[in-house]
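Presented below is the structure to which this report refers.
Numbering (the working numbering), first residue to last: 3 to 480.
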């Protein structure tokens, strides 16, 4: 019923290259739909009940996480917070940084699934991670509140990821393989491990830093000064010679219009805390060169020329959890191929679809949206199709033809899941099937979804006249 509030307990779990963090929150949800509309949930209030410590992410090898040890870390945080797994209604697990590229990501998801709740699971590449950090740190909200364009740079252990937000809206992202854990050292300066990108920088500089040998403070400082310059390149949309091979995605565009730069992540926290780094032991307090990279950023003349602000959140720039709602869609609001169902945890994409007079540039817009979230082109996703309130049949046919052309251009094995806000699902489904009979298709309407949401679509009920739909929205710090 519209206007009714309900309270849910949610959890956010961030598994990063260096650390794993768990946050429990209480969310007050409110149905803001008008009478007669499909329910639409808004988060009215959110409060953090427990913030866990930043635990070292357990590894069995440089490219493999100890899934059982990670699950134990999470279970211990549940116990420390006094939270029973069964009391968690929704949650979000975000796997970021180098851990998103580990050999056993599936084992991680399986090990964490025992902690109950209806979890959204995102394995975030550099573009998605940059967006999550920008929203989780409160920078996107700051941009909206101040009506400004800003750049946020999340500097972690294995990667640094930048994003531009303009009045709260995400514009573009970029990622670079530099971070505080490119060289791991102990308190004596013994080099425990060098990540491959770190080795690239060392070789380019001609430094004598090697695994198993003792590095000097001067050598580590020279290494971090180059990394700091690469981070500034990332923030300003530039690409240096050595950085070309470390670039994970294309550089940012339009950075000159940003009024401020915000630094987040573990190295970002060190930047604002100004930790002492006059000795090797002080540098190695976290077992890597993160504090020294933060100090190198302070000394970087190019960064000094920019306006650097501190975000509301630095180290814990992650999700609070997820807000969930379950609704039942009637047959008048769907076109459903029963054989495709059920579908779970489909990411929602909202491609930018410009003028529709001559048809939609549908395929290119969808590819661009998938790239924003680091999704492979063959990944399953729900695609929001924004259509005008009034649409004549010739224009609808043009829309359907664009969608069929997208499907035919190499996407035949993947079902088409279309989400519309206007009441066009049935007629669009019929038109698409008329052009290409047998196309695997699911279209739903009268549902307002945003990019970054996730949906589950269950098996038809009531003799096929309806389907249950669960919508999950990531909730961030503000």
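For each residue, glycine too, the CB sits at the ideal point set by N, CA and C.
What is the residue span of the alpha helix (DSSP H) that residue i lies within?
i, result
"residue 312", "Looking at the DSSP string, residue 312 is not in any alpha helix (DSSP H), and its letter there is neither H nor E."
"residue 268", "267-275"
"residue 145", "141-148"
"residue 233", "219-238"
"residue 365", "364-374"
"residue 283", "282-285"
So for residue i, helix, strand or coil by DSSP?
i, result
"residue 423", "coil"
"residue 203", "helix"
"residue 301", "helix"
"residue 179", "coil"
"residue 77", "helix"
"residue 471", "strand"
"residue 432", "helix"
"residue 9", "strand"
"residue 249", "strand"
"residue 415", "coil"
"residue 137", "helix"
"residue 93", "strand"
"residue 449", "coil"
"residue 438", "coil"
"residue 47", "strand"
"residue 476", "strand"
"residue 86", "coil"
"residue 124", "strand"
"residue 398", "helix"
"residue 359", "Only weak support is given to the placement of residue 359: the predicted model assigns it a pLDDT of 41, under 50, and the value that follows is read from those uncertain coordinates. Residue state, collapsed to three classes: coil."
"residue 72", "helix"
"residue 63", "strand"
"residue 343", "coil"
"residue 244", "helix"
"residue 279", "coil"
"residue 114", "helix"
"residue 3", "Only weak support is given to the placement of residue 3: the predicted model assigns it a pLDDT of 46, under 50, and the value that follows is read from those uncertain coordinates. Note: residue 3 maps to coil in three-state DSSP."
"residue 444", "strand"
Identify every residue that forms a DSSP beta bridge with residue i.
i, result
"residue 349", "456"
"residue 24", "15"
"residue 58", "21"
"residue 290", "186"
"residue 354", "None, per the DSSP bridge assignment."
"residue 31", "8, 45"
"residue 52", "26"
"residue 263", "153, 310"
"residue 409", "Note: residue 409 sits in no beta bridge, so no partner."
Buried or exposed for residue i, please, with buried defined as at least 16 other CB atoms from any protein chain shown within 10 angstroms of its CB.
i, result
"residue 188", "exposed"
"residue 74", "exposed"
"residue 80", "buried"
"residue 229", "buried"
"residue 112", "exposed"
"residue 156", "buried"
"residue 231", "buried"
Taking the alpha-carbon positions, what's the residue i to residue j distance?
i, j, result
"residue 211", "residue 204", "7 angstroms"
"residue 405", "residue 441", "11 angstroms"
"residue 241", "residue 176", "11 angstroms"
"residue 446", "residue 258", "41 angstroms"
"residue 137", "residue 178", "19 angstroms"
"residue 248", "residue 183", "15 angstroms"
"residue 220", "residue 283", "14 angstroms"
"residue 346", "residue 289", "39 angstroms"
"residue 309", "residue 263", "6 angstroms"
"residue 72", "residue 109", "11 angstroms"
"residue 292", "residue 462", "52 angstroms"
"residue 164", "residue 130", "10 angstroms"
"residue 245", "residue 287", "27 angstroms"
"residue 92", "residue 471", "15 angstroms"
"residue 437", "residue 260", "46 angstroms"
"residue 433", "residue 427", "10 angstroms"
"residue 420", "residue 439", "17 angstroms"
"residue 95", "residue 17", "8 angstroms"
"residue 370", "residue 173", "12 angstroms"
"residue 22", "residue 429", "47 angstroms"
"residue 267", "residue 159", "9 angstroms"
"residue 237", "residue 124", "25 angstroms"
"residue 431", "residue 351", "19 angstroms"
"residue 77", "residue 69", "12 angstroms"
"residue 375", "residue 425", "28 angstroms"
Tell me where the beta strand (DSSP E) around residue i begins and ends.
i, result
"residue 151", "151-157"
"residue 195", "193-196"
"residue 166", "162-168"
"residue 386", "384-386"
"residue 338", "336-338"
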